[in-house]
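Have a look at the structure below, then the notes.
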Amino acid sequence: MNNLLIKTVDLSKWYGEVIGLNSFELEISSGITGLIGPNGSGKSTFLNLAIGTIKPKTGHILVMNQNPWMNPKLKSNIGFCPDYDNLSDEATGREFLELVGGLHGLNGMRLKNRLNEVSEVVGMKDALYRKIGGYSKGMRQRIKLAGSIIHEPKLLLLDEPLSGADPQVRKSLIEVIKSLHNDLGHDIVVSSHVLYEVERLTSKIALIYKGRAIASGEISEIRNLIDEHPHNIIIEGNKISDLAKKLLDMKYTISVGYQEGRKRIKVQVSKPDEFFATITDLITSLDCEIERMYSIDDDLEAVFNYLVEG
Amino acid sequence: METMGNITKILALMKYSIRKILFKKRIVIAFLILLTVIGIMGYAGAQNTNRLNTGSNLLGMLIVMFFMPAICMIYGCSVIRDEIEDKSIVHVFTSPFDRIFAYFSYYLSLVICLCLILAVITSLGFISFFGQQGIDGEAMNIYYTFIGLVFLGVFVYSALFLLTSVVFKRPIYFGLFFVFIWEGFIGNIPGNIQKISISYYLRSIGSKQLEYITVNGATDVNTSLMAIFASIIILILIGSLIFKTKEFT
Amino acid sequence: MGINRIKYRPWNGERSSHLHRVYTISRKIFLQKLKSKGILAILIIGMILVHALPILFGALMAHEELTAEMMVGNSDFMGGYGYLKNGLSIIFVLLLVSVVCSDLIAQDLKDKSFVLYFSRPIKTLDYLTGKMGGAIGVTSILTFVPLIVFCLVMIGTQTGDDYGGSLNVLGKTIIAGILTTIFFVSYGVMISSLTTKKTYAGVGIFMSFFVLTIIGDIFVNFNQNWGLASPTTLLFYSYDMIYGFDLPSDINSSIFGVLLFCILFLPLFVTFVQVYRKETGK
Chain C
429 MNNLLIKTVD LSKWYGEVIG LNSFELEISS GITGLIGPNG SGKSTFLNLA IGTIKPKTGH
489 ILVMNQNPWM NPKLKSNIGF CPDYDNLSDE ATGREFLELV GGLHGLNGMR LKNRLNEVSE
549 VVGMKDALYR KIGGYSKGMR QRIKLAGSII HEPKLLLLDE PLSGADPQVR KSLIEVIKSL
609 HNDLGHDIVV SSHVLYEVER LTSKIALIYK GRAIASGEIS EIRNLIDEHP HNIIIEGNKI
669 SDLAKKLLDM KYTISVGYQE GRKRIKVQVS KPDEFFATIT DLITSLDCEI ERMYSIDDDL
729 EAVFNYLVEG
Chain V
9 METMGNITKI LALMKYSIRK ILFKKRIVIA FLILLTVIGI MGYAGAQNTN RLNTGSNLLG
69 MLIVMFFMPA ICMIYGCSVI RDEIEDKSIV HVFTSPFDRI FAYFSYYLSL VICLCLILAV
129 ITSLGFISFF GQQGIDGEAM NIYYTFIGLV FLGVFVYSAL FLLTSVVFKR PIYFGLFFVF
189 IWEGFIGNIP GNIQKISISY YLRSIGSKQL EYITVNGATD VNTSLMAIFA SIIILILIGS
249 LIFKTKEFT
Chain X
159 MGINRIKYRP WNGERSSHLH RVYTISRKIF LQKLKSKGIL AILIIGMILV HALPILFGAL
219 MAHEELTAEM MVGNSDFMGG YGYLKNGLSI IFVLLLVSVV CSDLIAQDLK DKSFVLYFSR
279 PIKTLDYLTG KMGGAIGVTS ILTFVPLIVF CLVMIGTQTG DDYGGSLNVL GKTIIAGILT
339 TIFFVSYGVM ISSLTTKKTY AGVGIFMSFF VLTIIGDIFV NFNQNWGLAS PTTLLFYSYD
399 MIYGFDLPSD INSSIFGVLL FCILFLPLFV TFVQVYRKET GK
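See below:
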C-alpha cells in the first residue's frame, strides 16, 4: 500500500532575488523516490523544507500529514543526510554517532546497541574509533548515512548522497541505500543530478527544474506521456536507402535522415509502438542488411531534455 | 518519559559542546591569558606595594574589567556561530530536540567551561600576587569577592555573547565594540549613563564588598544583582526565541 | 613515440609591469574594503565622533597660526591633550585596523590562494606591498586625511600671517599621519599573517594591543619606562618627537628608540618571513 509521505501545495521559497522553489506541487509516497534535477533546480531547498530547517514563503508542505517547520517531534520520524560535509574532523565516528543518537534521545545500552547496528549496516564498524578527519569521502558518506538512520526513522531524506564519490564507492553506497529500503523498510527520497545512478536505485522519480516539479511517476510512464515528442531510432546497415524511402511513406514517420554516409539513418517516429510492430516486416520485404538498431530516447536523460526544452 | 528524553538530549549536546570548547585549539588563548595574568601579577607581587589595594586593583582591572569579558566574548561568540558556519548544527536542527532546550544546553556548556577557565586564571593570578605578599583573611575576602564577580560576569556576558552569535554573522566585531568601547567608555562615564553597562553593576557589587574598589554613584548590591539576573533571563529568552525561529540555509 | 624532451631554459629577461601588479593588488583590497558596510560605519562614526568636533571647534576658535602645541598638547586646545593625543581616536583606528587587516593574509592562508599570486611573476615583497598598500589606503582615511583637513582648516582660518610656521606644522603632521598609519597597519598585518582565521586575527589585534596597554599602565607605577610597553604611549611620545618636543626626563631615549623601531619594523619582518615560508611551500 502506497502511503502519502510528502505533499506540497503551491510551495514557494525564495532567498532574496533567488528563487528556490516556485509554486512547487509534488506528492511523494512510500518506497524509494528519486528527486532529479540539475544544480540549482531546487532539490536541496525542497529537502530542507521537508526536514523543517527552513520555512516556506508561500504555500505549504506536509510531511506525514504534519507541518515540519518548528515541529521537533516530527523529526523523530525523519532521517536527514545533507549534501554538504558537516562532520567534525576531530571527533571519531563513534563520538559523532553518540551525539546524533543522544540528540534523538538514545542513551545507555540502547544507544550502544543501535550504534553497533547502524555501523554494521553501513559497513563502518571497524572504523568507528578513528577520527573522521582520516576518513575517505566514501567513509564520510557512510557515517552520515549511519547518523541519519540511528533513530530508526520512517522516512529518509538523502541529499546527493553519492556526490564526490568515486565509481566503486558509488556502487557500494547504492547497494547500502537499496538495502535500507529493501531490508530495513525505510522510505527514502534521494536527490541527485546524475540520472543513471538514480535509475539504478529506483524507477520512481520526480523531475525538478528551475524550482518547479515538472513530472513525477515511473520513468516509463513519464516517457509514454511525452508522445508529442518524436521518438528517435537509429538504424545501421547496408542497402538501407530503400528502407529509408519506405519509412517515409509510413504515417507514423516524421522524418528520416542520413548520417555517416549512407550506412546509418535516424528515423523520427510519432508512434514508436507501431514502428516496432512493423519494422521487421519492412526489413524482410526489402532485403536490407541491418547491423544495428537502437533507440536514443530510452533513458532518463532524453526524458528530462524533452521536458525542459519544451 | 519526555522529560527523561529531553534530559538525555541536553546532556548529549552539553557533552559535545564542552568537549569542543575545552579541547579545541582556541584553548591556547585561555592559556596565554593565564600566563599573562600570572606574569603581570607575579611581577607586581614582587614589588613592595600596598598589597591589598594593589592586588584588588590588579584583579579588578585585569580580570573583571578586561580578560573576563574578553574570554566570554571569544568563546560566547563562537559556540553557536562556528557550528552554523561549518554546518555541524544541522544535527541539532534536524533532531526532535526543541531548540529552546538546545540553546539552553549551549548556554550551560559555555558557562561551565568559562567558570572553570576563569576560576583557574583568577586563582592562579591571586596566588602569584598574594602568595608573595602573604595570604590572610583580608586577602581571602578579596579572592572570594572577585571569584563571585567573575562568576556573575560569566553568566551575564555569556548570555549576551551567545545571543549575538545567533543574531550576527560576525558577532566578534560586535563583541570587540561592546567590550572595548561600550564597557570601557560608557561604563566609566559618571552619572546615570554608566548604568547601561554591565561592568557598572559588577563594580558596584564589588565596591560594596571591598573598600578598595571605588565606583562613583555605585548602586546597592540588591539592585545590581536584580539588574544582572534580569539581564541574564532576558538575554537567554531573546536568544532562545531567535534560535528557535532561525532558518538554517 | 619515444621520449620527446622539453628543454627547460630559465627565463632571464626583465619582468615588466610589476608595479602594475602591485597596484592591482592594492586597488582590489582598497575597493573591496570600502564596499564593506562595517568598515564604512567605522569610518563615518569615527569621523563624526573623533574628528568633526575638533575641526569645527578649531575653525571657530580664534587663533593666530597653527602650532605644534595645538597638535600634541601643552596648550588650552582640546583640553590640553592636543588634537592628536586622543584616546578615542586610537580605539577607532584599532577597530578599523582589526576589521581591515584581519583577513588580509589570514584569508589567503586559509584558502591557500598563495598559488594564485605566486604562480604569477610576483615576489613576496610585491605581494606584501600590494596588500599593505590597500590597507594603508583605507586606514589613512581615518588616520591621515582628517589630520590634513584639520591643519588646512586651521591654516585657512588663522588670523596671523605666519603661514610658513603653519606649513611647517602641516609638514610635521603629514609625517605624524604616515607614522600612525604604518604603526597600526604593519601591526595588524603581522597578526593576520600568524593565523588562518580572520576572527582570531581581528580579536588578536585588539587584545594584544590592550594587553600591552594594560601592562604599560600597571607597571608604569614601578618604573616610568614600563609605560613604553603601551603602544599608545609610544605613539604619543613619537608625536612629541616629531613636533620638536623632548621626551620626559625619566624616559630612557634608547629604550624608546628601540621599541619604536621594533613596533614599526619587526611586524614587517615577521610578516615577510611568514609569507615567504608559505610561498616556498613550508
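Protein chains in written order, with our numbering: chain C, 429 to 738; chain V, 9 to 257; chain X, 159 to 440. A virtual CB, placed ideally from N, CA and C, is assigned to each residue, including glycine. Model, not experiment: these values are computed from the prediction.
Next on the checklist: Can you tell me which residues form a DSSP beta bridge with ILE693 (chain C)?
Outcome noted: Here residue 693 (chain C) refers to the residue found at position 265 when the first sequence is read from its first residue. Paired residue(s): C:ILE663, C:TYR686.
Item to check | Extent of the continuous beta strand (DSSP E) run through SER591 (chain C) | outcome: Walking along the first sequence from the start, residue 591 (chain C) turns up at place 163. Premise fails: SER591 (chain C) is in no beta strand (DSSP E) and is neither H nor E.
Next on the checklist: Can you confirm whether GLU24 (chain V), when its beta carbon is compared against all beta carbons of chain C, has any partner nearer than 9 Å?
Outcome noted: Position 16 of the second sequence, counting from 1, holds the residue named residue 24 (chain V). Residue identity check: residue 24 (chain V) is Tyr in the sequence provided, not Glu. TYR24 (chain V) counts as touching chain C.
Checklist entry - Would you report the Cα separation of GLU455 (chain C) and LEU608 (chain C), rounded to the nearest angstrom? => result Taking the first sequence and counting its residues from 1, one reaches residue 455 (chain C) at position 27. Taking the first sequence and counting its residues from 1, one reaches residue 608 (chain C) at position 180. If I take the Cα positions, the gap works out to 21 Å.
Next on the checklist: Which runs of the alpha helix (DSSP H) at least 4 residues long sit entirely within the segment 291–334 of chain X? Give them in chain order.
Outcome noted: 303–314
Next on the checklist: Please tell me whether ILE421 (chain X) and PHE341 (chain X) are closer than 9 Å, where the distance is taken between their beta carbons.
Outcome noted: On the third sequence, position 263 is the one that residue 421 (chain X) refers to. On the third sequence, position 183 is the one that residue 341 (chain X) refers to. Yes; because the gap between Cβ atoms is below 9 Å, this pair is in contact.
Checklist entry - Any C-beta of chain V sitting closer than 9 Å to the C-beta of VAL251 (chain X)? => result Taking the third sequence and counting its residues from 1, the one referred to as residue 251 (chain X) is at position 93. So, not an interface residue.
Item to check | Coarse secondary structure for GLY415 (chain X), derived from DSSP in three states | outcome: Within the third sequence, residue 415 (chain X) is the residue found at index 257, counting from 1. Three-state result, GLY415 (chain X): helix.
Checklist entry - In chain X, which residues lie less than 8 Å from THR16 (chain V) when you measure between Cβ atoms? => result For this step, residue 16 (chain V) is matched to residue 8 along the second sequence. Simply none; closest approach about 33 Å.
Item to check | Cβ-based neighbour list, LEU418 (chain X), same chain, cut-off 7 Å, excluding 5 preceding and 5 following | outcome: Residue numbering aside, residue 418 (chain X) sits at position 260 when the third sequence is read from its first letter. Only LEU392, SER396 meet the Cβ criterion.
Checklist entry - Whose Cβ in chain V lies nearer than 9 Å to the Cβ of TYR443 (chain C)? => result By 1-based counting over the first sequence, the position of residue 443 (chain C) is 15. In chain order: THR257.
Checklist entry - Looking only at its own chain, which residues have a Cβ that is under 6 Å from the Cβ of THR630 (chain C), when we skip the five neighbours before and after it? => result Taking the first residue of the first sequence as position 1, residue 630 (chain C) is located at position 202. Excluding sequence neighbours, THR630 (chain C) sits near ILE460, GLY462.
Checklist entry - Any idea what DSSP makes of TYR443 (chain C), helix, strand or coil? => result Within the first sequence, numbered from 1, the residue matching residue 443 (chain C) stands at position 15. In the structure shown, TYR443 (chain C) sits in a strand (DSSP, three-state: E or B).
Checklist entry - Rounded to the nearest angstrom, how far is the Cβ of THR353 (chain X) from that of GLY362 (chain X), given a contact under 8 Å? => result Counting from 1 along the third sequence, the entry for residue 353 (chain X) is found at position 195. Counting from 1 along the third sequence, the entry for residue 362 (chain X) is found at position 204. Contact holds; Cβ gap of about 7 Å.
Next on the checklist: Run through the DSSP bridge pairs and tell me what CYS509 (chain C) is partnered with.
Outcome noted: As a first step, residue 509 (chain C) is located in the first sequence; it is residue number 81 there, counting from the start. BP columns for CYS509 (chain C) point to C:LEU586.
Checklist entry - Which residues of chain V have a Cβ atom closer than 7 Å to the Cβ of THR357 (chain X), listed in chain order? => result Here the question's residue 357 (chain X) lines up with position 199 in the third sequence. Within chain V, the residues near THR357 (chain X) are ILE180.
Checklist entry - Taking a cut of 7 Å between CB atoms, which residues from the segment 246–271 of chain X lie near chain V? => result ILE249, LEU253, SER256, VAL257
Checklist entry - THR268 (chain X) by DSSP, collapsed to three states: which one? => result Along the third sequence, one-based indexing puts residue 268 (chain X) at 110. Checking the sequence shown, residue 268 (chain X) turns out to be Lys, not Thr. If DSSP states are grouped into helix, strand and coil, LYS268 (chain X) belongs with the helices.
Checklist entry - Is the Cβ of GLY247 (chain V) closer than 9 Å to any Cβ of chain C? => result For the purposes of this step, residue 247 (chain V) is taken as residue 239 along the second sequence, with counting starting at 1. No, its Cβ sits nowhere closer than 9 Å to a Cβ of chain C.
Checklist entry - For ILE250 (chain V) versus VAL164 (chain V), is the C-beta distance shorter than 9 Å? => result Reading the second sequence from its first residue, position 242 is the one you call residue 250 (chain V). Reading the second sequence from its first residue, position 156 is the one you call residue 164 (chain V). No. Outside cutoff.
Checklist entry - Which chain X residues sit within Cβ distance under 9 Å of MET69 (chain V)? => result Residue mapping note: residue 69 (chain V) aligns to position 61 of the second sequence, counting from 1. Going along chain X in sequence order, the residues near MET69 (chain V) (Cβ under 9 Å) are ILE372, ASP375, ILE376.
Checklist entry - Which residue from V:ARG107, V:THR130, V:ALA54 puts its Cα closest to that of GLN141 (chain V)? => result Position 133 of the second sequence, counted from the start, is the residue given in the question as residue 141 (chain V). When only C-alpha atoms are compared, the closest one is V:ALA54.
Item to check | Assigned secondary structure, LYS632 (chain C) (DSSP; H/G/I helix, E/B strand, else coil) | outcome: The sequence position of residue 632 (chain C) within the first sequence is 204, counting from 1. Three-state result, LYS632 (chain C): strand.
Checklist entry - Do VAL158 (chain V) and LEU126 (chain V) have their CB atoms nearer than 9 Å? => result Residue 158 (chain V) sits at position 150 when you count from the first residue of the second sequence. Residue 126 (chain V) sits at position 118 when you count from the first residue of the second sequence. Yes, the pair counts as a contact, with Cβ atoms nearer than the cut-off.
Next on the checklist: In the DSSP assignment, the alpha helix (DSSP H) including VAL72 (chain V) goes from what residue to what residue?
Outcome noted: Taking the first residue of the second sequence as 1, we reach residue 72 (chain V) at position 64. It is not in any alpha helix (DSSP H) - VAL72 (chain V) carries neither H nor E in the DSSP assignment.
Checklist entry - Would DSSP call ILE668 (chain C) helix, strand or coil? => result For the purposes of this step, residue 668 (chain C) is taken as residue 240 along the first sequence, with counting starting at 1. Coil, per DSSP.
Next on the checklist: Quick check on the burial criterion: 16 or more other C-beta atoms within 10 angstroms. Buried or exposed for MET429 (chain C)?
Outcome noted: For the purposes of this step, residue 429 (chain C) is identified with residue 1 of the first sequence, where counting begins at 1. A caution first: MET429 (chain C) carries a pLDDT of 46, below 50, which makes its placement in the model too unreliable to give a value.
Next on the checklist: Just to check my reading of the structure: TYR401 (chain X) and MET229 (chain X) have Cβ atoms closer than 8 Å, yes? What is that Cβ distance to the nearest angstrom?
Outcome noted: The residue you call residue 401 (chain X) lines up with position 243 of the third sequence. The residue you call residue 229 (chain X) lines up with position 71 of the third sequence. Contact holds; Cβ gap of about 6 Å.
Next on the checklist: Under 9 Å, CB to CB, which of the residues in the segment 184–195 of chain V have a partner in chain D?
Outcome noted: No chain D is present in this structure, whose protein chains are C, V and X.
Checklist entry - According to a CB-to-CB cut-off of less than 9 Å, which residues of the segment 602–617 of chain C neighbour chain V? => result none
Item to check | Nearest-angstrom beta carbon gap, ALA574 (chain C) and TYR563 (chain C) [assumed within contact, 8 Å] | outcome: As a working mapping, residue 563 (chain C) is identified with position 135 in the first sequence. As a working mapping, residue 574 (chain C) is identified with position 146 in the first sequence. No, TYR563 (chain C) and ALA574 (chain C) are not in contact; Cβ-Cβ is about 12 Å, not under 8 Å.
Next on the checklist: Is MET429 (chain C) close to chain V? Criterion is C-beta to C-beta, closer than 9 Å.
Outcome noted: Here residue 429 (chain C) corresponds to residue number 1 of the first sequence, with the count starting at 1. Any reading at MET429 (chain C) is ruled out, since the residue's pLDDT is 46, under 50, leaving its predicted position unreliable.
Item to check | Coarse secondary structure for ASP677 (chain C), derived from DSSP in three states | outcome: By one-based count along the first sequence, residue 677 (chain C) stands at place 249. Looking at ASP677 (chain C) - three-state DSSP - the assignment turns out to be helix.
Checklist entry - GLN569 (chain C) by DSSP, collapsed to three states: which one? => result By one-based count along the first sequence, residue 569 (chain C) stands at place 141. GLN569 (chain C): helix per DSSP, three-state reduction.
Checklist entry - In the segment 272–300 of chain X, which residues sit with their C-beta less than 7 Å from some C-beta in chain V, listed in chain order? => result none
Checklist entry - Helix, strand or coil for THR436 (chain C) per DSSP? => result Position 8 of the first sequence, counted from the first residue, corresponds to residue 436 (chain C). Three-state DSSP puts THR436 (chain C) in a strand.
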